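What follows is a single structure, written as structure tokens, with notes after it.
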Amino acid sequence: MERELRLMKGNEAVAEAAIRAGVDGYFGYPITPQSEIIEYLMEADPAKTTGMVVVQAESEVAAINMVYGGAGCGKKVMTTSSSPGISLKQEGITYIAGAELPCVIVNVVRGGPGLGTIQPAQSDYFQAVKGGGHGDYHLIVLAPASVQEMADFVGLGFDLAFKYRNPVMILSDGAIGQMMEKVWLDPPRERSKEIPEWATTGKTADRKRNIITSLELDPFRQEVFNRKLVEKYDAIRENEVRFEEYLCEDAEYLLVAYGTSARVCQKAVQLAREQGIKAGLLRPITLFPFPTKRISELAGQLKMALAVEMSAGQMVEDVQLSINGKIPVHYYGRMGGMVPTPDEVVENLKERIIGG
Amino acid sequence: MAKIKGSIVIDVDRCKGCEICMVSCPTGTIAMAREVNGKGYNYAYPANPGLCIGCANCAVVCPDGVITVYKTKV
Amino acid sequence: MKEITGIKEYIKPENLVYRKSSLLTDDIMHYCPGCGHSTTHRILAEIIEEEGIQQDTIGISPVGCSVFLYNYIDIDWQEAAHGRAPAIATAIKRLLPDKFVFTYQGDGDLAAIGTAETIHSCNRGENILIIFINNGIYGMTGGQMAPTTLPGMKSSTSPYGRDVATMGNPLKITDIVATLPGTFYVTRQSVHTPANVRRTKRVMRKAFQYQKLNRGTCFIEIVSNCPSGWKMTPVQANKWMEENMFPWYPLGDLKVPEEQQDQQPKTE
Chain C
51 MERELRLMKG
61 NEAVAEAAIR
71 AGVDGYFGYP
81 ITPQSEIIEY
91 LMEADPAKTT
101 GMVVVQAESE
111 VAAINMVYGG
121 AGCGKKVMTT
131 SSSPGISLKQ
141 EGITYIAGAE
151 LPCVIVNVVR
161 GGPGLGTIQP
171 AQSDYFQAVK
181 GGGHGDYHLI
191 VLAPASVQEM
201 ADFVGLGFDL
211 AFKYRNPVMI
221 LSDGAIGQMM
231 EKVWLDPPRE
241 RSKEIPEWAT
251 TGKTADRKRN
261 IITSLELDPF
271 RQEVFNRKLV
281 EKYDAIRENE
291 VRFEEYLCED
301 AEYLLVAYGT
311 SARVCQKAVQ
321 LAREQGIKAG
331 LLRPITLFPF
341 PTKRISELAG
351 QLKMALAVEM
361 SAGQMVEDVQ
371 LSINGKIPVH
381 YYGRMGGMVP
391 TPDEVVENLK
401 ERIIGG
Chain U
-1 MAKIKGSIVI
9 DVDRCKGCEI
19 CMVSCPTGTI
29 AMAREVNGKG
39 YNYAYPANPG
49 LCIGCANCAV
59 VCPDGVITVY
69 KTKV
Chain Z
68 MKEITGIKEY
78 IKPENLVYRK
88 SSLLTDDIMH
98 YCPGCGHSTT
108 HRILAEIIEE
118 EGIQQDTIGI
128 SPVGCSVFLY
138 NYIDIDWQEA
148 AHGRAPAIAT
158 AIKRLLPDKF
168 VFTYQGDGDL
178 AAIGTAETIH
188 SCNRGENILI
198 IFINNGIYGM
208 TGGQMAPTTL
218 PGMKSSTSPY
228 GRDVATMGNP
238 LKITDIVATL
248 PGTFYVTRQS
258 VHTPANVRRT
268 KRVMRKAFQY
278 QKLNRGTCFI
288 EIVSNCPSGW
298 KMTPVQANKW
308 MEENMFPWYP
318 LGDLKVPEEQ
328 QDQQPKTE
């Protein structure tokens, strides 16, 4: 079967891509601006076609623990939510990371703190990239910048999740979730019948019992486990960095932005170039692992970097770490559900250039 | 007339000396030892083995599954 | 292994009437002497062995004293975050509908922090078995007040006794779940005497068998003891439980499948 072209919302694309990627189970709880995902799945009723299970849980807490249970059976399972709901899921996410279970979690970010706004934001960067829950762990974080990537990253997310036995977060935002674009959908994949050797599917005579747990009371053994996780995260840093460059070859001023901000910045780069400013854009696609090495390399040719994000300045810290003092690093952003315009970004860039 | 006779085997090392088997025994077969096991518990033992009727009450109620029961007609 | 045996001439394989289940691992259970958790684990292992469903059973252990349940019974396990076992069981059963799925939870886990998961799993009628150990206290953390602690009962966080005016009344969550259409079989039992152990084993076996019918949640509360937390000997604790816990939590069936009501063995 061929790929199919559809006009869809980002949220709908996630849902349709999940069915087509052969996902076994979806467990969710409604929250704006991502409720279309569970609505779409309930209407599509994939139990009748692929056998995919869709459950509306009583809370985000229950939903993420359903993901834990399903993932522990070696199944491809996922949940989606938006910022306040993702905060509730943090307990489950750290247990999933601690039990080394694969799953995909989508965060269609809205502005906070607290209930905040239902408008798009990128203010959950720290939560997604630096931990979120307790303990030393990392998610693999993918940042889609289009409806197409909303769809594509579901399949990619599961590939990475199973490759590393690690939870994957798709860090989107309300703009990408809600906007409609054309999207090429992959042909449906059959649900996998493979059972990972660690999965709890009933102990058979030919193997020891499988136990899914994140508990280890012996500090020595816990540290051994922590070191194993660190090695895994290092391997992810080594192998899975993804980013996209736009007009970086001769750039003197580098914009760093992901998701919706990256779309704004692409236009800002064009506007800046029209005004004779040699600007370029680096768009991290993976936020963990962050494209530290590439940004560091680019620093040699740059005069300045500007991190543009819909937050009070979160990703800018990783840009600063990447550049490590070689050139000035600034931040420009909007908050509270406001999206920066390309003109604003260019204006800010020009002010920084004059200001030095 | 045939009599029902029983016999129990107690895994002393696993016994925690809770005494629940002793109070559940209908014939007074079991008592607690004055000696302690490796864990420091006064373990249960068949003090009056001849009284045992193999009813398995002790084993059924033992939290730790330390008692094995045999029963026969003599 | 040091053994003391009764009359040796009766000890023959053909005379064997009771031995511990082969599904119990060699680990010595970490519970205090006389703890009802151990007894309940033992029954569980026996049922899974006797029903021949080791390869088809997945258990979910809680946070609380029984957190290490997965070390003791030789089946596949998932260890839940505190209170979340029914959510985990929901997903496992939905994704593996032919398996037997059960949770094992204490009173804090099931009736305090996990109340929502408990009620909603039962309300959805998830085709799982929930085993609920109610000993009216938080044993693992050192004897704090539980949602099921009796009025006036002392604990380390109700040192003057549970004052219902400020601490609320004991939560009869089993009565609540019995009112939900999603539950199929709800019963309250104990494991402190041989007769009660035998009865509990009977109803638990039935609850496992009911999972094949796909008719809803089975819920077994076991009113149990906590000799250490109650600061009593095991034998005293069992007596105290009969005198104080059973009036609040009377043993017996709370909800019986309709078609079985006539043939139901009378419990209590």
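Residue numbers (our numbering), protein chains in the order written: chain C, 51 to 406; chain U, -1 to 72; chain Z, 68 to 335.
Virtual Cβ for every residue (Gly too), placed ideally from N, Cα, C.
Model, not experiment: these values are computed from the prediction.
If you check the CB distance, CYS298 of chain C and ALA211 of chain C do not come in under 9 Å.
Residues of the same chain with their beta carbon placed closer than 7 Å to that of GLU81 of chain Z are lacking, with the five preceding and five following residues left out of the count. The criterion of a C-beta distance shorter than 9 Å is not satisfied by GLY162 of chain C and PRO194 of chain C. DSSP places ARG56 of chain C in the strand class (E or B) of the three-state scheme.
Just measuring C-alpha positions, the residue of C:LEU55, C:VAL117 and C:ALA178 sitting nearest LYS160 of chain Z is C:VAL117. For THR92 of chain Z, same chain residues with a beta-carbon under 8 Å away, outside a window of 5 residues either side, are ASN138, TYR139, ILE140 and ASP141 in chain order. Contact between ASN201 of chain Z and GLU288 of chain Z holds: their C-beta atoms lie close to 6 Å from each other, under 8 Å. Using a Cβ-Cβ cut-off of 7 Å, LEU265 of chain C is close to VAL134 and GLU146 of chain Z, given in chain order.
By the CB criterion at 9 Å, LEU337 of chain C and ASP368 of chain C fall inside the cutoff. Cβ contact annotation for VAL258 of chain Z (same chain, cutoff 8 Å, sequence separation greater than five): GLY103, THR106, THR107, ILE110, VAL264, THR267, ILE289 and SER291, in chain order. At the C-beta level, GLY101 of chain Z and GLY210 of chain Z stay beyond 9 Å of one another. Proximity of chain U to TYR85 of chain Z at the Cβ level (cut-off 8 Å) is accounted for by ALA54, ALA57, VAL58, ILE65, THR66 and VAL67, in chain order. Residues of the region 277 to 304 of chain C whose Cβ lies closer than 8 Å to any Cβ of chain Z: none. Cβ atoms of PRO341 of chain C and PHE293 of chain C come within 8 Å of each other, at about 4 Å. Here the C-alpha atom of SER372 of chain C lies approximately 26 Å from the C-alpha atom of THR391 of chain C. In the structure shown, the three-state DSSP call for THR170 of chain Z is strand. Scanning the region 84 to 155 of chain Z from its first residue to its last, the whole alpha helix (DSSP H) runs of 4-plus residues come out as 103 to 117. In chain order, VAL59, CYS60 and PRO61 make up the part of chain U whose C-beta sits under 8 Å from the C-beta of THR106 of chain Z. Beyond the five residues adjoining it in sequence on each side, GLY227 of chain C comes within less than 6 Å, by CB distance, of GLY60, ASN61, PRO83, GLN84 and VAL158 in the same chain, given in chain order.
When CB distances to chain Z are screened at a threshold of 9 Å, not a single residue of the region 187 to 220 of chain C falls below it.
THR224 of chain Z has a beta carbon lying at 9 Å or more from every beta carbon in chain C. Residues of the region 108 to 142 of chain Z whose Cβ lies closer than 7 Å to any Cβ of chain C, in chain order: GLN121, GLN122, ASP123, THR124, ILE125, VAL134, TYR137, ASP141 and ILE142. Residue burial annotation: HIS188 of chain C is buried, with at least 16 other C-beta atoms found within 10 angstroms of its C-beta. With a beta-carbon spacing of about 36 Å, TYR252 of chain Z and ALA232 of chain Z fall beyond the 8 Å limit used to define contacts. Between GLU326 of chain Z and chain C, the shortest Cβ-Cβ separation is not below 9 Å. In this model, GLY319 of chain Z and ARG255 of chain Z are separated by some 5 Å (Cα to Cα).
Leaving aside the five residues that flank THR185 of chain Z on each side, the residues in its chain whose CB is nearer than 6 Å to its CB run, in chain order, PRO153 and LEU177. Annotated as distal: ALA121 of chain C and LEU91 of chain C, with beta-carbon spacing of 9 Å or more. Under the Cβ distance rule, ARG259 of chain C counts among the residues neighbouring chain Z, one pair being separated by less than 9 Å.
Among the bridge pairs identified by DSSP, ILE87 of chain C is matched with none. Put simply, the backbone Cα of ALA201 of chain C is about 44 Å away from that of CYS132 of chain Z.
For GLY296 of chain Z, none of the residues of chain U pass the 8 Å Cβ criterion, the least Cβ distance being about 15 Å.
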